[in-house]
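K.L.:
Let me begin by handing over the structure; questions about it come next.
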Amino acid sequence: MKIVEEPFPGVYLLEPRVFEDRRGFFYEYYNRKDFRAVTGLEINFVQDNLAGSTYGVFRGMHFQRAPYAQAKLVGCIEGEILDIIVDIRPESPDFKRWYAVRLSAGNRRQLFIPKGFAHGYLALSPQVKVFYKTDCFYRPDHDAGFRWDDPDVGIELPLPATELILSDKDRHLPPLSQALQA
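See below:
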């Protein structure tokens, strides 16, 4: 495993070491010792999630409120997504800055997202499967999010808003300023 990019302090775009031959491929999706060696972080992941979507589905921008905020390790194991994070820590010099990266079954890259970031993704292929680990169990009573198209954040997507498929929940999320006050 190696770090490809660190777009924010503590956010890591990771690439696993892949072994390929005529039979196919093998790689360790997660190895605690290797993760700690390259990031310096000791994370205790407690929950694995798998989500499937189709082209044009946008999920986000989601986060959990303290004390149940989550760090995540996200990868796409089928198809391709545009994975997006936003720094939602008001005290951070990067507050409201966003970062997007393509994660796919082909590039096998993973994004480590620490607590204090909202997360979302856009499905770019006919079918996608997104696998992610979290260091805190999901708590519906601490679930939160904000509108992906909040002009105060300025996220840019490669699809027009009219082509996005959103859940009713995501369609009615408040702007970031309101989401942080609740």
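According to the working numbering, the sequence shown is numbered sequentially starting from 26. Ideal placement from N, C-alpha and C gives every residue a C-beta, glycine not left out.
Do the segment 99-112 and the segment 188-197 meet, that is, are 3 or more Cβ pairs less than 8 Å apart?
P.N.:
no
K.L.:
Looking only at its own chain, which residues have a Cβ that is under 6 Å from the Cβ of Pro139, when we skip the five neighbours before and after it?
P.N.:
Gly35, Ala96
K.L.:
Since I believe Gly77 is in contact with Lys158 (beta carbons under 8 Å), could you give me their beta-carbon distance rounded to a whole number of angstroms?
P.N.:
Between Lys158 and Gly77 a beta carbon distance of about 17 Å is seen, past the 8 Å cut, so the two are scored as non-contacting.
K.L.:
How far does the beta strand (DSSP E) with Leu75 in it reach, from first residue to last?
P.N.:
72-79
K.L.:
For Ala96, which of helix, strand or coil comes out of DSSP?
P.N.:
coil
K.L.:
According to DSSP, simplified to helix, strand and coil, what is Phe60?
P.N.:
helix
K.L.:
Could you give the residue range of the beta strand (DSSP E) that holds Lys194?
P.N.:
Careful: Lys194 lies outside any beta strand (DSSP E), inside the alpha helix (DSSP H) at 193-196.
K.L.:
Just confirm the distance between the C-beta atoms of Arg84 and Asp195, as a whole number of angstroms; I'd bet it's less than 8 Å.
P.N.:
7 Å
K.L.:
Rounded to the nearest angstrom, how far is the Cβ of Pro213 from that of Arg164, given a contact under 8 Å?
P.N.:
Outside the shown range of the chain, which is 26 to 207, sits residue 213, and nothing can be said about it.
K.L.:
Sort out for me which residues DSSP pairs Val36 with in a bridge.
P.N.:
Its beta-bridge partners do not exist; DSSP assigns none.
K.L.:
Going by DSSP, which residues form a beta bridge with Phe51?
P.N.:
Phe44
K.L.:
Under three-state DSSP, which class holds Leu182?
P.N.:
In the three-state reduction of the DSSP assignment, Leu182 falls in the coil class.
K.L.:
Considering Cα atoms alone, identify which of Asp160, Leu149, Ser202 is closest to Gly81.
P.N.:
Leu149
K.L.:
Sorted by chain position, which residues of the same chain lie with C-beta nearer than 6 Å to Ile110's C-beta, five sequence neighbours on each side aside?
P.N.:
Shown here for Ile110: same chain residues with a beta carbon closer than 6 Å to its own, the five before and five after excluded, namely Tyr124, Ile138, Phe142, His144 in chain order.
K.L.:
Whose C-alpha, out of Glu53, Lys121, Ile68, is nearest the C-alpha of Met86?
P.N.:
Lys121
K.L.:
With distance defined between alpha-carbon atoms, name the residue in Tyr55, Ile68, Gln89, Phe50 nearest to Ala207.
P.N.:
Gln89
K.L.:
Going by the DSSP bridge assignment, what does Ser129 pair with across the sheet?
P.N.:
Glu105
K.L.:
Determine the burial state of Gly131: buried for a count of at least 16 other Cβ atoms within 10 Å of its Cβ, exposed for fewer.
P.N.:
exposed
K.L.:
Output the distance between the C-alpha atoms of Met26 and Phe70, rounded to the nearest integer angstrom.
P.N.:
17 Å
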